[in-house]
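Every position in the sequence shown, counted from 1, becomes a number in this note's numbering once 20 is added.
Glycine included, C-beta positions come from ideal geometry on N, C-alpha and C.
Small disclaimer: the values here were computed from a predicted structure and weren't measured.
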Amino acid sequence: MSTLELKNITTVVNHGTREEKTILNDLSLKIEDGDFITLLGTNGAGKSTLLNVINGSLRPTSGQILLDQKDLTPLSEVKRATYISQVFQDPKLGTAPRMTVAENLLLADKRGQKRGLRPRHLKEQLPRFEKLTAMLPNSLSQRLNTFTGDLSGGQRQTLSFLMATLAQPEILLLDEHTAALDPNTSAQLLELTDKVVTENKLTCLMITHRLADALRYGNRVVILKDGQVVLDTRDKTNLSEEKILTYFAD
């Protein structure tokens, strides 16, 4: 696992126009090996922008992104995918709808590997995939040969999470990955998230809009406001929902 460091990250959108806006403002953050951070902030605070800067889908206007002192800043989103996995809020993202559950898992299993024209050996992997999915909610172990596009939103998001963590990425990004699910499925996936991240000691940054979840999960809480870190703590002893809300006030 790895340490991710963001140094003086500034992100300006619509540069040079009347709509110019600074989303991240000279933000610095060090994510230590094995940290499970819950990231909070109001709409527009810069949470998703921060994840997009880390995964490479958005280049910062200035600053550096370092992974174990390796400069990721100039690398494309595709090249960063070797180190970074992400689960998005929309269950339709992160999986291939016209491929089966097993085929999606096979793709995820080969993340970061060189690919060529060779047999995929899918049948040989089915017993392993069945065992992996048996621990998951939503009966995915019985849907290995089902096209992903035919799954429910909860099943598809659970599959996305399994795919993102299958190869144990160096950095795992979760962008409100349970927000679009019903309360029961959301709770199940959060419990699974906590189990997988904790047991595998993954380095994880999870955006959540639920204050209770931020207090319950992870070892560290970070709050963004106006593109800057206004709270970064590992001590949740005296941290309550009421105290968190004070950081959101104007």
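The beta-carbon distance between T58 and A199, rounded to whole angstroms, is 14 Å. This is too long to meet the 8 Å contact definition. The beta carbon of Y103 lies closer than 7 Å to those of L87, P189, E190, I191 in the same chain, with the five residues before and after it left out. In the displayed model, E123 falls within a helix according to three-state DSSP. The C-alpha of A128 is placed about 13 Å away from the C-alpha of V107.
In the structure shown, the three-state DSSP call for L44 is strand. Within the same chain, Cβ atoms closer than 8 Å to the Cβ of L146 are found at A122, L164, the five residues on either side in sequence being excluded. With 16 or more neighbouring CB atoms inside 10 Å of its own CB, R176 falls in the buried class. For E211, the three-state secondary structure derived from DSSP is helix. Membership of E262 in any beta strand (DSSP E) is not indicated; the residue belongs instead to the alpha helix (DSSP H) covering 261–266. In this structure, the alpha-carbon of E262 lies about 14 Å from that of H229. S68 counts as buried, since no fewer than 16 other beta carbons sit within 10 angstroms of its beta carbon.
The three-state reading of DSSP puts M155 in coil, since its state is none of H, G, I, E or B.
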